[in-house]
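2 protein chains.
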Amino acid sequence: MSNSALELTPVETVACCSPLTKEPLSADASERIAPLLKALADPVRLRLMSLVASHADGEACVCDLNDAFELSQPTISHHLKVLHEVGLLDRSKRGVWVYYRVKAEALTDLALLLGGVAR
Amino acid sequence: MSNSALELTPVETVACCSPLTKEPLSADASERIAPLLKALADPVRLRLMSLVASHADGEACVCDLNDAFELSQPTISHHLKVLHEVGLLDRSKRGVWVYYRVKAEALTDLALLLGGVAR
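In order, the protein sequence lines correspond to chains Z and V. Residue numbers for the first sequence follow the numbering used here, beginning at 275 and rising by one. Residue numbers for the second sequence follow the numbering used here, beginning at 275 and rising by one.
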């Protein structure tokens, strides 16, 4: 996972920084934050985040998400993996399926970076 | 400007939607929101947003921003144009320079979409 190479969890990556509109962002911080936004900047992945969050108990496997897209299961699995790798989704394996859960704190930290709204 | 083709301002584009974690995002909404996140998902553009917001009176021209980057003025102007086209920066021409200003409401709406924090 690329983030472990930085020895920072993805959440720490974002929580490091003041809101975008409050003070200049450092070059280092911008390099760490851009990949999270890039992972989100895709219509399928945006929908996957919302579908996982809205699913029963806040978690879902690719088997639960298939029907919402006209895409193959491997393609959906790939998008889920991208979101997991940047730290926007947690995952755990149970039986034959991998279950995903939104890391709400990562989204909240991104929201704070963009909006500067209080926690 | 691509957004005018949709007959929606960029801010309306995002403000249309419930927070990502509250209910499934529609395919249409995800297609409209992804370009804003994609515009932000670049280290130079993230820094430009923060530098413009932090500049005197909350506005800056490319002449004010040059020194922060080891990039040519046309390259920085290109990044500013990308941010303007998706509706994250306002601009106005005065004399020979174009001055940019962060559209705080667009960032706040994106923040609400991601974090679901109250206004």
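Glycine residues also receive a C-beta, built at the ideal position from the N, C-alpha and C atoms. A quick note: this is a predicted structure, and the numbers were derived from the prediction, not measured.
Chain Z contact for residue i (CB, 8 Å cutoff)
{"i": "Asp338 (chain V)", "result": "no"}
{"i": "Leu363 (chain V)", "result": "no"}
{"i": "Leu320 (chain V)", "result": "yes"}
Amino acids of chain V, ordered along the chain, whose beta-carbon sits closer than 7 Å to that of residue i
{"i": "Asp316 (chain Z)", "result": "Ala308"}
Exposure label - residue i; buried when at least 16 CB within 10 Å
{"i": "Cys335 (chain V)", "result": "buried"}
{"i": "Lys296 (chain Z)", "result": "exposed"}
{"i": "Gly332 (chain V)", "result": "exposed"}
{"i": "Lys367 (chain Z)", "result": "exposed"}
{"i": "Pro309 (chain V)", "result": "buried"}
{"i": "Val370 (chain V)", "result": "exposed"}
{"i": "Ala315 (chain Z)", "result": "buried"}
{"i": "Pro348 (chain Z)", "result": "exposed"}
Within chain V, the residues that residue i reaches when beta carbons sit closer than 8 Å
{"i": "Ser328 (chain Z)", "result": "Thr295, Lys296, Glu297, Pro298"}
Residue-chain proximity (residue i, chain V), Cβ-Cβ < 8 Å
{"i": "Thr382 (chain Z)", "result": "yes"}
{"i": "Leu325 (chain Z)", "result": "yes"}
{"i": "Lys312 (chain Z)", "result": "yes"}
{"i": "Arg375 (chain Z)", "result": "no"}
{"i": "Ala334 (chain Z)", "result": "no"}
Proximal chain Z residues relative to residue i, where beta-carbon distance stays under 8 Å
{"i": "Gly476 (chain V)", "result": "Residue 476 (chain V) lies beyond the stretch modelled for chain V, which goes from 275 to 393, so this question has no answer here."}
{"i": "Glu305 (chain V)", "result": "Pro317"}
Chain-ordered chain V contacts of residue i [CB-CB under 9 Å]
{"i": "Ser351 (chain Z)", "result": "Correct list: empty, because the minimum Cβ distance to chain V is about 18 Å."}
Continuous beta strand (DSSP E) assignments of at least 3 residues falling wholly in the segment 332-382 of chain V: Residue ranges of uninterrupted beta strand (DSSP E) with 3 or more members, entirely inside the segment 332-382 of chain V and ordered along the chain, are 333-335, 363-368, 371-376.
Please list the segments of the alpha helix (DSSP H) lying wholly inside the segment 290-332 of chain Z, counting only runs of 4 or more residues, in order along the chain. Along the segment 290-332 of chain Z, the alpha helix (DSSP H) occurs as fully enclosed runs of 4 or more residues at 301-314, 317-328, listed in sequence order.
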